[in-house]
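Position 41 of the sequence shown, counting from 1, maps to 41 under our numbering, and the rest follow consecutively. By construction, the Cβ of each residue, glycine as well, lies at the ideal position given by its N, Cα and C atoms.
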Amino acid sequence: MFTARLDEVKGKLIDFLFPPRCVGCGSEGSFVCAFCESSLPRLAGPACPTCSRPLARNGDCPHCRAWRPETDGIRSPFAFDGVIRQSIYQFKYGHFKELAAPLGRLLAGYLERESLGAEVLVPVPLHSSRLRERGYNQSALLAVELGKRSGLPVAGDSLVRLRPTKPQVKTAGAAERQRNLAGAFGCRDRSLAGKRVLLVDDVCTTGATLSACAIALREAGASLVWGLALAREA
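Have a look at this one:
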(Lines of atoms letter the chains of each structure in order from A and count residues from 1; the text may use other names and numbers.)
(Lines give C-alpha, C1' and ligand atoms only; values in the text may rest on other atoms or scores of the structure.)
Protein backbone atom coordinates (compact mmCIF):
# COMPACT_ATOMS: atom_id res chain seq x y z
CA MET A 1 0.00 0.00 0.00
CA PHE A 2 2.77 2.43 1.01
CA THR A 3 4.82 1.56 -2.11
CA ALA A 4 1.83 2.11 -4.41
CA ARG A 5 1.13 5.48 -2.74
CA LEU A 6 4.79 6.48 -3.07
CA ASP A 7 4.78 5.58 -6.78
CA GLU A 8 1.65 7.71 -7.24
CA VAL A 9 3.29 10.70 -5.55
CA LYS A 10 6.47 10.26 -7.60
CA GLY A 11 4.39 10.09 -10.79
CA LYS A 12 2.58 13.33 -9.95
CA LEU A 13 5.88 15.05 -9.13
CA ILE A 14 7.38 13.98 -12.46
CA ASP A 15 4.26 15.21 -14.30
CA PHE A 16 4.57 18.56 -12.48
CA LEU A 17 8.26 18.99 -13.30
CA PHE A 18 8.04 17.50 -16.79
CA PRO A 19 4.43 17.84 -17.96
CA PRO A 20 3.43 15.39 -20.69
CA ARG A 21 3.24 16.76 -24.21
CA CYS A 22 1.05 15.57 -27.03
CA VAL A 23 2.88 13.45 -29.60
CA GLY A 24 0.85 15.09 -32.36
CA CYS A 25 0.81 18.83 -31.63
CA GLY A 26 3.17 19.27 -28.68
CA SER A 27 0.59 20.82 -26.36
CA GLU A 28 0.98 20.22 -22.63
CA GLY A 29 -1.34 18.05 -20.58
CA SER A 30 -1.40 14.59 -22.13
CA PHE A 31 0.53 12.38 -24.53
CA VAL A 32 -2.41 12.40 -26.97
CA CYS A 33 -4.51 15.54 -26.54
CA ALA A 34 -8.27 15.64 -27.03
CA PHE A 35 -7.98 17.48 -30.34
CA CYS A 36 -5.46 15.05 -31.83
CA GLU A 37 -7.44 12.09 -30.51
CA SER A 38 -10.57 13.38 -32.24
CA SER A 39 -8.67 13.57 -35.53
CA LEU A 40 -7.10 10.10 -35.39
CA PRO A 41 -7.52 8.21 -38.70
CA ARG A 42 -10.27 5.79 -37.75
CA LEU A 43 -11.04 2.93 -40.10
CA ALA A 44 -14.55 3.35 -41.43
CA GLY A 45 -16.67 2.20 -44.34
CA PRO A 46 -16.69 -1.24 -45.95
CA ALA A 47 -13.99 -3.54 -44.58
CA CYS A 48 -13.13 -7.19 -44.97
CA PRO A 49 -14.64 -9.16 -42.05
CA THR A 50 -11.62 -11.51 -42.09
CA CYS A 51 -8.57 -9.25 -42.37
CA SER A 52 -10.17 -5.80 -41.74
CA ARG A 53 -8.61 -4.24 -44.85
CA PRO A 54 -10.72 -1.37 -46.23
CA LEU A 55 -12.71 -2.35 -49.31
CA ALA A 56 -13.57 -0.08 -52.20
CA ARG A 57 -17.10 -1.52 -52.01
CA ASN A 58 -18.91 -4.35 -50.28
CA GLY A 59 -17.86 -7.72 -51.64
CA ASP A 60 -15.00 -10.17 -51.64
CA CYS A 61 -11.59 -9.07 -50.36
CA PRO A 62 -8.92 -9.45 -53.07
CA HIS A 63 -6.22 -9.95 -50.43
CA CYS A 64 -8.05 -12.81 -48.71
CA ARG A 65 -8.75 -14.43 -52.08
CA ALA A 66 -4.99 -14.57 -52.64
CA TRP A 67 -4.11 -15.59 -49.07
CA ARG A 68 -6.36 -16.09 -46.08
CA PRO A 69 -4.87 -15.57 -42.58
CA GLU A 70 -5.20 -18.35 -40.02
CA THR A 71 -6.97 -16.12 -37.50
CA ASP A 72 -10.74 -16.17 -37.06
CA GLY A 73 -10.60 -12.50 -37.88
CA ILE A 74 -8.49 -9.36 -37.47
CA ARG A 75 -9.73 -6.04 -36.17
CA SER A 76 -8.11 -2.59 -35.91
CA PRO A 77 -9.59 0.75 -34.88
CA PHE A 78 -7.17 2.99 -36.78
CA ALA A 79 -5.35 3.35 -40.07
CA PHE A 80 -1.57 3.43 -39.68
CA ASP A 81 -1.23 7.11 -40.51
CA GLY A 82 -0.91 10.56 -38.97
CA VAL A 83 -0.73 10.92 -35.19
CA ILE A 84 -1.37 7.23 -34.56
CA ARG A 85 1.64 6.38 -36.73
CA GLN A 86 3.77 8.95 -34.87
CA SER A 87 2.60 7.56 -31.53
CA ILE A 88 3.35 3.95 -32.40
CA TYR A 89 6.75 4.86 -33.81
CA GLN A 90 7.69 6.71 -30.60
CA PHE A 91 6.23 3.92 -28.46
CA LYS A 92 8.03 1.18 -30.37
CA TYR A 93 11.38 2.69 -31.30
CA GLY A 94 11.68 5.82 -29.17
CA HIS A 95 11.57 4.09 -25.77
CA PHE A 96 8.44 6.11 -25.00
CA LYS A 97 6.81 3.46 -22.80
CA GLU A 98 4.48 6.02 -21.21
CA LEU A 99 2.41 5.88 -24.40
CA ALA A 100 1.22 2.39 -23.40
CA ALA A 101 -1.50 3.88 -21.19
CA PRO A 102 -3.20 6.24 -23.70
CA LEU A 103 -2.80 3.79 -26.58
CA GLY A 104 -4.12 0.95 -24.44
CA ARG A 105 -7.11 3.11 -23.50
CA LEU A 106 -7.90 3.68 -27.17
CA LEU A 107 -7.68 -0.05 -27.84
CA ALA A 108 -9.91 -0.82 -24.84
CA GLY A 109 -12.54 1.63 -26.05
CA TYR A 110 -12.64 -0.12 -29.40
CA LEU A 111 -12.85 -3.58 -27.80
CA GLU A 112 -15.74 -2.41 -25.63
CA ARG A 113 -17.66 -1.40 -28.76
CA GLU A 114 -16.61 -4.44 -30.81
CA SER A 115 -16.84 -7.34 -28.38
CA LEU A 116 -15.02 -10.34 -29.82
CA GLY A 117 -15.95 -12.82 -27.12
CA ALA A 118 -12.35 -13.35 -25.98
CA GLU A 119 -11.44 -15.03 -22.68
CA VAL A 120 -7.72 -14.24 -22.56
CA LEU A 121 -5.29 -11.73 -24.08
CA VAL A 122 -2.02 -12.92 -25.61
CA PRO A 123 0.55 -10.36 -26.84
CA VAL A 124 2.59 -11.04 -29.96
CA PRO A 125 6.05 -11.88 -28.56
CA LEU A 126 9.50 -10.59 -29.44
CA HIS A 127 12.47 -12.89 -29.79
CA SER A 128 14.72 -12.80 -26.71
CA SER A 129 17.49 -11.06 -28.66
CA ARG A 130 15.14 -8.29 -29.83
CA LEU A 131 13.69 -7.98 -26.33
CA ARG A 132 17.17 -7.47 -24.87
CA GLU A 133 17.93 -4.87 -27.51
CA ARG A 134 14.70 -2.90 -27.07
CA GLY A 135 14.22 -3.50 -23.36
CA TYR A 136 10.48 -4.15 -23.55
CA ASN A 137 7.79 -5.66 -25.77
CA GLN A 138 5.41 -2.92 -26.88
CA SER A 139 2.64 -5.44 -27.63
CA ALA A 140 2.92 -6.86 -24.11
CA LEU A 141 2.59 -3.36 -22.62
CA LEU A 142 -0.50 -2.76 -24.75
CA ALA A 143 -1.98 -6.09 -23.64
CA VAL A 144 -1.41 -5.24 -19.96
CA GLU A 145 -3.17 -1.88 -20.35
CA LEU A 146 -6.00 -3.53 -22.30
CA GLY A 147 -6.32 -6.17 -19.58
CA LYS A 148 -6.60 -3.52 -16.86
CA ARG A 149 -9.47 -1.83 -18.66
CA SER A 150 -11.29 -4.88 -20.02
CA GLY A 151 -10.87 -7.19 -17.04
CA LEU A 152 -9.46 -9.92 -19.28
CA PRO A 153 -6.45 -11.90 -18.05
CA VAL A 154 -3.16 -11.56 -19.92
CA ALA A 155 -1.15 -14.70 -20.73
CA GLY A 156 2.08 -12.85 -21.33
CA ASP A 157 4.45 -15.80 -21.51
CA SER A 158 2.26 -18.32 -23.31
CA LEU A 159 3.43 -17.55 -26.83
CA VAL A 160 7.14 -17.49 -27.66
CA ARG A 161 9.16 -16.55 -30.70
CA LEU A 162 11.34 -19.56 -31.42
CA ARG A 163 13.83 -17.91 -33.75
CA PRO A 164 14.83 -14.40 -34.74
CA THR A 165 13.23 -13.15 -37.93
CA LYS A 166 13.85 -10.25 -40.25
CA PRO A 167 11.74 -7.20 -39.24
CA GLN A 168 8.52 -7.27 -41.28
CA VAL A 169 9.10 -3.72 -42.50
CA LYS A 170 12.24 -4.99 -44.27
CA THR A 171 10.44 -7.75 -46.20
CA ALA A 172 9.50 -7.19 -49.82
CA GLY A 173 5.86 -8.30 -49.78
CA ALA A 174 3.17 -10.59 -48.40
CA ALA A 175 4.72 -13.83 -49.69
CA GLU A 176 8.13 -13.02 -48.19
CA ARG A 177 6.50 -12.02 -44.90
CA GLN A 178 4.78 -15.40 -44.71
CA ARG A 179 8.03 -17.27 -45.43
CA ASN A 180 9.88 -15.09 -42.93
CA LEU A 181 7.48 -16.10 -40.13
CA ALA A 182 6.82 -19.75 -40.99
CA GLY A 183 7.37 -21.79 -37.82
CA ALA A 184 8.64 -18.75 -35.93
CA PHE A 185 6.23 -19.08 -32.99
CA GLY A 186 5.41 -21.76 -30.46
CA CYS A 187 2.98 -22.14 -27.57
CA ARG A 188 3.75 -24.49 -24.69
CA ASP A 189 0.91 -23.30 -22.46
CA ARG A 190 -1.71 -26.03 -22.39
CA SER A 191 -3.95 -23.88 -20.19
CA LEU A 192 -5.06 -22.11 -23.39
CA ALA A 193 -6.67 -25.31 -24.68
CA GLY A 194 -10.32 -24.62 -25.39
CA LYS A 195 -9.89 -20.89 -24.76
CA ARG A 196 -11.01 -18.00 -26.96
CA VAL A 197 -7.81 -16.02 -27.45
CA LEU A 198 -7.34 -12.40 -28.50
CA LEU A 199 -3.89 -11.72 -29.96
CA VAL A 200 -2.69 -8.17 -29.30
CA ASP A 201 -0.24 -6.28 -31.53
CA ASP A 202 0.63 -2.68 -32.33
CA VAL A 203 0.43 -2.73 -36.14
CA CYS A 204 -0.99 -5.16 -38.68
CA THR A 205 0.39 -4.92 -42.21
CA THR A 206 -0.49 -8.11 -44.09
CA GLY A 207 -1.67 -10.21 -41.14
CA ALA A 208 1.25 -12.63 -41.54
CA THR A 209 2.50 -12.18 -37.96
CA LEU A 210 -0.94 -12.67 -36.42
CA SER A 211 -1.55 -15.63 -38.71
CA ALA A 212 1.70 -17.35 -37.70
CA CYS A 213 0.86 -16.78 -34.02
CA ALA A 214 -2.63 -18.18 -34.55
CA ILE A 215 -1.20 -21.42 -35.97
CA ALA A 216 0.89 -21.93 -32.81
CA LEU A 217 -2.08 -21.15 -30.54
CA ARG A 218 -4.35 -23.57 -32.39
CA GLU A 219 -1.72 -26.28 -32.10
CA ALA A 220 -1.85 -25.66 -28.34
CA GLY A 221 -5.63 -26.17 -28.40
CA ALA A 222 -7.05 -22.63 -28.54
CA SER A 223 -10.64 -22.85 -29.78
CA LEU A 224 -10.74 -19.39 -31.36
CA VAL A 225 -8.04 -16.86 -32.21
CA TRP A 226 -8.82 -13.26 -33.10
CA GLY A 227 -6.21 -10.62 -33.83
CA LEU A 228 -6.47 -7.07 -32.51
CA ALA A 229 -3.96 -4.46 -33.69
CA LEU A 230 -4.02 -0.81 -32.73
CA ALA A 231 -3.48 0.24 -36.34
CA ARG A 232 -3.84 -1.32 -39.77
CA GLU A 233 -1.96 -0.52 -42.95
CA ALA A 234 -4.35 -0.15 -45.85
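Excluding the 5 residues preceding and the 5 following residue i in the sequence, name in chain order all residues of the same chain whose CB lies nearer than 7 Å to its CB.
i	result
Leu-6	Note that Leu-6 scores 43 on pLDDT, short of 50, meaning its location in the model is unreliable and no value can be drawn from it.
Gly-117	Arg-196
Leu-131	Asn-137
Glu-114	Arg-75
Give every residue of the same chain whose Cβ lies closer than 6 Å to the Cβ of residue i, excluding the five residues on either side of it in the sequence, and list them in chain order.
i	result
Gly-227	Thr-71, Ile-74, Leu-199 and Leu-210
Arg-149	Ala-108
Phe-91	Leu-99 and Gln-138
Pro-153	Val-120
Ser-27	Cys-33
Ser-129	Pro-164
On the DSSP bridge assignment, give the partners of residue i in chain order.
i	result
Cys-187	Leu-159
Arg-134	According to DSSP, which records beta bridges pairwise, Arg-134 is partnered with nothing at all.
Ile-74	Gly-227
Val-154	Leu-121
Pro-239	The question about residue 239 has no answer here: the residues shown for the chain are numbered 1 through 234.
Arg-42	Phe-78
Arg-21	Glu-28
Whose CA, out of the options, lies closest to the CA of residue i?
i	options	result
Ala-155	Gly-24, Ser-30 and Glu-119	Glu-119
Ser-191	Ser-223, Arg-177, Tyr-110 and Asp-202	Ser-223
Arg-179	Gly-207, Ala-143, Ser-158 and Val-160	Gly-207
Cys-36	Cys-25, Gly-183, Gly-221 and Pro-46	Cys-25
Val-160	Cys-213, Val-225, Cys-64 and Lys-97	Cys-213
Ala-234	Glu-133, Leu-106 and Phe-80	Phe-80
Asp-157	Gly-186, Asp-202, Leu-146 and Cys-22	Gly-186
State the start and end residues of the unbroken alpha helix (DSSP H) segment that holds residue i.
i	result
Ala-235	Missing from the structure shown is residue 235; the chain here goes from 1 to 234 and no further.
Ser-211	208-219
Phe-236	Here the chain covers residues 1 to 234 and nothing more, so residue 236 does not appear.
Pro-102	100-113
Ser-27	It is not in any alpha helix (DSSP H) - Ser-27 carries neither H nor E in the DSSP assignment.
Pro-164	Per DSSP, Pro-164 belongs to no alpha helix (DSSP H) and is neither H nor E.
His-127	Careful: His-127 lies outside any alpha helix (DSSP H) and carries neither H nor E.
What residue range does the beta strand (DSSP E) around residue i cover?
i	result
Cys-204	196-204
Leu-122	It should be noted that the sequence gives Val, not Leu, for residue 122. First-last of the beta strand (DSSP E) with Val-122: 120-123.
Just to confirm my understanding: we take residue i, look at its own chain, exclude 5 residues before and 5 after, and list those with CB closer than 8 Å. What are they?
i	result
Ser-52	Leu-43, Gly-73, Ile-74, Arg-75, Ser-76, Cys-204 and Arg-232
Ser-194	Per the sequence shown, residue 194 should be read as Gly rather than Ser. Correct list, in chain order: Gly-221, Ala-222 and Ser-223.
Thr-165	His-127, Asn-180, Leu-181 and Ala-184
Pro-49	Gly-73
Phe-78	Leu-40, Pro-41, Arg-42, Leu-43, Ile-84, Leu-106, Leu-230, Ala-231 and Arg-232
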